[in-house]
Structure formats: structure tokens, C-alpha cells
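**Student:** The structure is given below, and queries will be raised subsequently.
There are 2 protein chains.
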Amino acid sequence: MHAFSRLVGGAFIGLCAFLAAALAQAQTDPLPSWNDTGPKAAIVAFVEKVTKAGSPDFVAEPDRIAVFDNDGTLWVEHPMYTQLAFALDRVKSEAPSHPEWKETQPFKAVLEDDMKTLAAGGEKGLVELIMATHAGMTSEEFQKIVTDWIATARDGRFKRPYTELVYQPMLELLAYLRANGFKTFIASGGGIEFMRPWTEKVYGVPAEQVIGSSIKTQFEMKDGTPTLFRLPEVNFIDDKAGKPSGINEQIGRRPIAAFGNSDGDLEMLQWTTLGSGNAGPRFGLIVHHNDAEREYAYDRNTEFGKLDEALDAAAVNNWTVVDMKTDWKTIFPFELK
Amino acid sequence: MHAFSRLVGGAFIGLCAFLAAALAQAQTDPLPSWNDTGPKAAIVAFVEKVTKAGSPDFVAEPDRIAVFDNDGTLWVEHPMYTQLAFALDRVKSEAPSHPEWKETQPFKAVLEDDMKTLAAGGEKGLVELIMATHAGMTSEEFQKIVTDWIATARDGRFKRPYTELVYQPMLELLAYLRANGFKTFIASGGGIEFMRPWTEKVYGVPAEQVIGSSIKTQFEMKDGTPTLFRLPEVNFIDDKAGKPSGINEQIGRRPIAAFGNSDGDLEMLQWTTLGSGNAGPRFGLIVHHNDAEREYAYDRNTEFGKLDEALDAAAVNNWTVVDMKTDWKTIFPFELK
Chain A
150 MHAFSRLVGG AFIGLCAFLA AALAQAQTDP LPSWNDTGPK AAIVAFVEKV
200 TKAGSPDFVA EPDRIAVFDN DGTLWVEHPM YTQLAFALDR VKSEAPSHPE
250 WKETQPFKAV LEDDMKTLAA GGEKGLVELI MATHAGMTSE EFQKIVTDWI
300 ATARDGRFKR PYTELVYQPM LELLAYLRAN GFKTFIASGG GIEFMRPWTE
350 KVYGVPAEQV IGSSIKTQFE MKDGTPTLFR LPEVNFIDDK AGKPSGINEQ
400 IGRRPIAAFG NSDGDLEMLQ WTTLGSGNAG PRFGLIVHHN DAEREYAYDR
450 NTEFGKLDEA LDAAAVNNWT VVDMKTDWKT IFPFELK
Chain B
150 MHAFSRLVGG AFIGLCAFLA AALAQAQTDP LPSWNDTGPK AAIVAFVEKV
200 TKAGSPDFVA EPDRIAVFDN DGTLWVEHPM YTQLAFALDR VKSEAPSHPE
250 WKETQPFKAV LEDDMKTLAA GGEKGLVELI MATHAGMTSE EFQKIVTDWI
300 ATARDGRFKR PYTELVYQPM LELLAYLRAN GFKTFIASGG GIEFMRPWTE
350 KVYGVPAEQV IGSSIKTQFE MKDGTPTLFR LPEVNFIDDK AGKPSGINEQ
400 IGRRPIAAFG NSDGDLEMLQ WTTLGSGNAG PRFGLIVHHN DAEREYAYDR
450 NTEFGKLDEA LDAAAVNNWT VVDMKTDWKT IFPFELK
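So the protein lines, in turn, are chains A and B.
In terms of our numbering, the first sequence opens at residue 150 and continues consecutively.
In terms of our numbering, the second sequence opens at residue 150 and continues consecutively.
Below, the structure is given as C-alpha cells:
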């Protein structure tokens, strides 16, 4: 073998080693849909720190609690919350049994697709819609209604089931945290019984790790069958200052990591990461929607998922801000197929 | 070797084999503090049935949810609920900061050890006591108060910490269920934040698997530190018909096994075991306190832990009833030392 072929051979072997290493890294990269920018590095550094036995930042497994907002953090919340789309669909499908709805607001507006009048009805109108469509049946009946709807409903822009409009980088993050001994919880302003029928399948988060808003239920024995009847009465709103209370009520320990995208998540992020008595490593992250092309762009001036105060707080408190456009290689799982 | 020595030798070998088998059985018996009577057999049969892959009664691991009442089911509730003993102790230790209590009921009665007047004050008086001793501080402060109290307080009869007055057979049952893929939850009428500081250590049940009564909390940022302030306002009473609602709210799926001891557990047992839509194997068990010598004897006529309707329902619904006197070999862990 003369010098040239030896050189080429050596280069080739070097190239092979390089490619093999790159391949191995690609195969073992737990966050392949994240670009190699700041947020990915911050996540990995945090996880490595809290899982390194003997390190001063080590956190015992039972205390590795991570909480995730849902709308806008794990799945799309624009142009309207999916749960509102569900309520509107329910009004339409139940309208034949409610002839009075044709003449009564906010139902009339829904049936006439008059979003302007609906919006003018404000929060009062929305609560009426929610109660009319989420109460008045048993928990099991509601679970079936949600399960059937989520299997068939399609988003207007992407023409896909809502459960496909989840963020691939966040799915990877959930799995990465669990692989590192974290228990992952959802803490959402959305209805707890609207999420539970599908969170395990879609996010790997079981029903008992879902925290959300709820209405009151009433236990009744009917012909020997126990039922929980859903009353048209608010039990708990798991949003803003409610999130720490909901987390405390259902988990009973302080999370060490919180993931949100809006001002509704501000107090959850504060509760998780701040405070003189809250020792040890903590991690806060905000998903900033700035990719109108692949998803949506909104922050300080929007009706759903307003990100204003929390964005300012992120800078002050050293929370990681995900710039969707530059930090996420892939947005949706279907892009990978 | 002549015939006699061969005979003796054979008998000896036989005896050894017998002893070894007995020893192996004793070592592998997951419920050694249970006598070999009906309840133990029923528990083992149920667990073997739902864990046997391929059997029609097989239950997938995530659905193996078991719920346990606490007072009278996992630990002693006589002569008064431990949480009430805590409230009385707190009134006494806080009295110097509340000179007005000397002249105000129900505090006056507590300070004078006048149980008769206290009892006459009824539920209204009790709620006042609970609010005065359980609210008005942050969650973290309350957690520390409970942790300190439970470490030092002693029961009047057994002269031991309350956390030693737990039932050894139930500790074995909790461990046996978990070893078979069950997730064990507490669903107690007691305060959720009164239990959480010690349930993991004592029962192996982590905070997030404790359901209980609660008062409202309010999130506040104080000098940059987030706090949850405990308000003197009832949030949820996890007793009687409240238990199925609490279980549904926090777990979000139907348990397949429930363990209680009083009428306060009736609806939880119904919710767990009954109903046309509630298919598959289900298990209900009631601890019947009938051992005044080793513990206490009470059922249909008692102030704490009344067992009347639920005892009748047990016969109708085929729930297992534990007769403490005959079914439990050991009552308390300290008997084993």
C-alpha cells in the first residue's frame, strides 16, 4: 500500500469513526426535534445536574416532579381553545333536543356561527356554554362524549385530529424527563375530565397525574348503580393563582420544574422556581409562539394564551424561553412521517 | 446401617424437608400477620386473579387502583380521631397568644379539659377548633407544625407515637398490593395536609396518592417568595358521598379495590365495587373493630367510626369483613419487636 492509499484509507477510517459517532449521538439524542440552541442545552444541563448521584444538586427521584400547562404548551391553542371548539360542536349536535336555543344567547350565536356576538357575551356567555355542554350527565357519559368527539373532530387549518396537533419537542421532553426518574403532571386551565380520556395515550400522562379545572360532582345510587352526576357548578378553576393551589392540593409537594406558555402559568412558574425556602435546583420554561408559518405567532396581545407579564418575569427570573422558530426543528409529530 | 437407623434417618430427612417447606412458605407469606381465615384467602384469591395474565379477570397494571380509608382502617381512631387530639394540643400550645380563648367557647372547654362542654358544642364547635388550629399560616408552616407534633405526641392508652398505632396487617396488605402492581391511595375524611407529612414514611403512600379533606389556600407573592396561605374556609370534605367525588377528582379512574371501616366509607365501597357498567373483578373490605383487649370494640353505636349501614351493605354486596379478633394475628408493628 503506497503512501496515497494509506492516506486515503486513514481518512476513510477517520470519516467512518466520525460518522459512527455522529450516528450514535443522533440515535441517543433524547431531544432530536430540538435544535442545538440554548433551551435544549439548559434542559439537558438541568436534568444531568439533578440526576447526578452525590452532586450537591442531586434531587431524589420522588421529588422530581415536573408540571406542564396543556393549551399552548403541549398542544395548539389557536385560533381557539380545543375545549371551546368541543363546546361549540356539542351545542350544534344537541340543538335538536333544545329548540329554545334557537332564540336564546349565547346558543343562538353558536348555531348561527356568529362569533362576534358570542365574543360580545364575554365570560358569562362562555360559562353558560360550558355548563350546558359539560354538565347534566354522569362522569362516565361525559367521558364517552369526549372520547368520541376527540376521535372524529378535525382542526380547521391543519385538517387533523386535535391530538395530532401536539408539539413533538414537548413529547420528547416529557419522555426524556420520565426516563430520568421524573413524574410528569399536567396542570391546565382546561377541564380535568376533558383531558383525562386521552392524555395517557397522547402524552403518556395517566389520569391521576392530570390537574385541571372542574365542576362539582354528586354521588348517587341509581337502581343499584353508583353514579357521579356532573352539576352545573364550578368546583375549581386551575388557572393563574389557582395553579399553585391545584398543584398543592393534588400533588402535595413542590415541583422542581414547570413548563408553560402564558400569563396563566405565571404563578405556577413562580411557585415552582422562586422563594427563599425553595432550595435546590429549579427549572422554568416558557414556550414563545413566534412561528406563524409552521404554527402561530402571538404573545402580548391575544385573546388566548396571552404572554405578557410572564415574558417579563422570565427575563428577571432566568426562566428559559423557547423561541419556536429557531429552537424547534420539528413542531408536529406528523412532520416526521 | 441397619434398618432402625435407616428408618430414623429417613424420618429425619422427611422432617427436614417438611420444615424447609414450612419455612419457605413462612418466608414467602406476604401477609404473615393475618390468620389463615376467610379474609386472607379472599385477598390472595383476588390479587392472584387480577394479576394472572391471559385470565378473563386480568386487570392491566395502570387500572390496579386500591383506595384505603385512614382513621380506623390503617390506624387507631379511638378514643378520638388523632387529628382532633392534634387540634386540642394546638389550642393549648397557642393559648398564650390568644388570651381571649380563656373566656370563649369552644376554646375555654379545651383549656379546661371539659370534654362534656366541648361535645355539647357539636360540629359547629369542632369546625371552629379546626379553623383556629389549621388555618392562618402557610402550607409550609402547617407542614412543619404537623411534622413536629406527630414526632412528639403520644397516645393516652398505648403511650406511643400515633404513627406506631397503625395496623400491621394493613401495612402488609399495602405492600402486598404494591408488589403486585397496584397503586395504593388513601381516601380519608381527615385533612389532606395533616396526613401528607408522614404517610410516605409510615404507609409507603406518597403525598400525591393521598386524598383527604381540605381548606382553601390562596397564592401570594410575599417579598419575592411565593406562599400558599391557608384560609379558614372549607374547600372539600372527603367523607361519605364526598369520597367518590374526591377519588374521581384526584385519581380520575375507578378503583378496583376499596378498604374501609365505617359508614363514612359506604359510598367509596359502592363506587368501587357496584354497578352494571363497572365490569371486572372488584374487591371491598371492611375492618370490624371487635377486639377491646388488643385495640377497641365498636360498631353500630359509636361517635367515631360508626359501622352500621356499611356493615349491612357488606352482607348484601359480598364485601369481606375483617373480624379483628380472629382474623388478625398481630395488630400493631410494635408487637413484633
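We treat Cβ as the ideally placed atom computed from N, Cα and C, and that holds for glycine.
1) At the 8 Å Cβ level, is F368(A) part of the contact set with chain B, yes or no?
2) Work out the CA separation of E277(A) and K251(A) for me, nearest whole Å.
3) So, is G413(A) buried or exposed, given that buried needs 16 or more other C-beta atoms within 10 angstroms?
4) Measure the beta-carbon distance from A194(A) to D238(A) and round it to whole angstroms, keeping in mind my assumption that it falls under 8 Å.
5) Do L320(B) and P482(B) have their beta-carbon atoms positioned less than 8 Å apart in this structure?
6) If you draw a straight line from the alpha carbon of I480(B) to that of L326(B), how long is it in whole angstroms?
7) Would you verify that the beta carbon of N219(B) is, or is not, closer than 8 Å to some beta carbon of chain A?
8) Assuming V359(B) contacts I335(B) (C-beta within less than 8 Å), just tell me the rounded distance between them.
9) Report yes if the CB atom of L138(A) is closer than 8 Å to the CB atom of I192(A), and no otherwise.
10) With a threshold of 8 Å between beta-carbons, can E210(B) be considered close to chain A, or not?
11) Suppose you measure from the CA of L202(B) to the CA of K478(B); what does that come to, to the nearest Å?
12) Just checking: is the beta-carbon of Q317(B) within a distance shorter than 8 Å of some beta-carbon in chain A?
13) So does the segment 330–350 of chain A actually touch the segment 396–415 of chain A, counting three or more Cβ pairs closer than 8 Å?
14) How far does the alpha helix (DSSP H) with H283(B) in it extend, from its first residue to its last?
15) Which two residues bound the contiguous beta strand (DSSP E) that contains E382(B)?
16) Under a three-way DSSP split, which group does K486(B) fall into?
17) Here's the rule: buried if 16 or more other CB atoms are within 10 angstroms of the residue's CB, otherwise exposed. What is M465(B)?
18) Can you give the Cα-Cα distance for E444(A) and G395(A), rounded to whole angstroms?
19) With a CB to CB cut of under 8 Å and the five nearest residues on each side skipped, what residues in its chain are close to L267(B)?
20) Compute the distance between the beta-carbons of A284(A) and I364(A), then report whether it is under 8 Å.
21) Please list the terminal residues of the continuous beta strand (DSSP E) segment that includes I405(A).
22) So, is the C-beta of A424(A) closer than 8 Å to a C-beta in chain B?
23) Which residue comes first and which comes last in the alpha helix (DSSP H) that contains T479(A)?
24) I want to verify the contact list: residues of chain A whose CB lies under 8 Å from the CB of S362(B), in sequence order.
25) Can you have a look at G454(A) and say buried or exposed, based on whether 16 or more other CB atoms are within 10 angstroms of its CB?
26) Step through the CB atoms of chain B and report whether any lies within less than 8 Å of the CB of R379(A).
27) Along the chain, where does the beta strand (DSSP E) that runs through Q254(A) open and close?
28) So with Cβ pairs under 8 Å, would you call E416(B) a contact of chain A?
29) Tell me where the beta strand (DSSP E) around G339(A) begins and ends.
30) Indicate whether the contact test is met: 3 or more Cβ pairs, each with one atom in the segment 416–434 of chain B and one in the segment 364–375 of chain A, closer than 8 Å.
31) DSSP three-state label for A422(B), please.
32) Checking the sheet assignment: what are the DSSP bridge partners for A446(A)?
33) Report the rounded CA-to-CA distance for D472(A) versus H437(A), giving the unit in angstroms.
34) Quick one: residues in its chain with C-beta nearer than 8 Å to the C-beta of D388(A), no 5 flanking neighbours on either side, listed in chain order?
**Tutor:** In short:
1) yes
2) The C-alpha of K251(A) lies about 15 Å from the C-alpha of E277(A).
3) buried
4) Contact flag wrong, Cβ pair sits at about 44 Å.
5) It is a contact, given that the beta carbons lie within the stated cut-off.
6) Straight-line spacing of the CA atoms in I480(B) and L326(B) works out to 19 Å.
7) no
8) 5 Å
9) Outside the modelled stretch of chain A, which goes from 150 to 486, sits residue 138(A), for which no answer is possible.
10) Taking 8 Å as the CB threshold, E210(B) stays off the interface with chain A.
11) Here the sequence assigns Ala to residue 202(B), which means Leu is not the residue at that position. Cα to Cα, A202(B) sits roughly 32 Å from K478(B).
12) no
13) yes
14) If you look at H283(B), you'll find it in the alpha helix (DSSP H) that goes 271–283.
15) 374–385
16) coil
17) The sequence shown places Val at residue 465(B), rather than the Met named in the question. Around the beta-carbon of V465(B), fewer than 16 other beta-carbon atoms lie within 10 Å, marking it exposed.
18) 30 Å
19) P255, A258, V259, G274
20) yes
21) Note, I405(A): premise wrong, no beta strand (DSSP E); not H, not E.
22) The residue you asked about is not Ala; residue 424(A) is Gly in the sequence shown. The C-beta of G424(A) comes closer than 8 Å to at least one C-beta of chain B.
23) Here T479(A) belongs to no alpha helix (DSSP H), and DSSP marks it neither H nor E.
24) Within 8 Å Cβ-Cβ: nothing; S362(B) doesn't reach chain A, min ~11 Å.
25) buried
26) no
27) Q254(A) -> no beta strand (DSSP E), and no H or E assigned at all.
28) yes
29) 332–340
30) yes
31) Note that residue 422(B) corresponds to Thr in the displayed sequence, not to Ala. Helix, per DSSP.
32) Note: A446(A) sits in a beta bridge opposite N439(A).
33) 5 Å
34) If we look at D388(A) and ignore the five residues flanking it on each side, its Cβ neighbours are G338, S362, G413.
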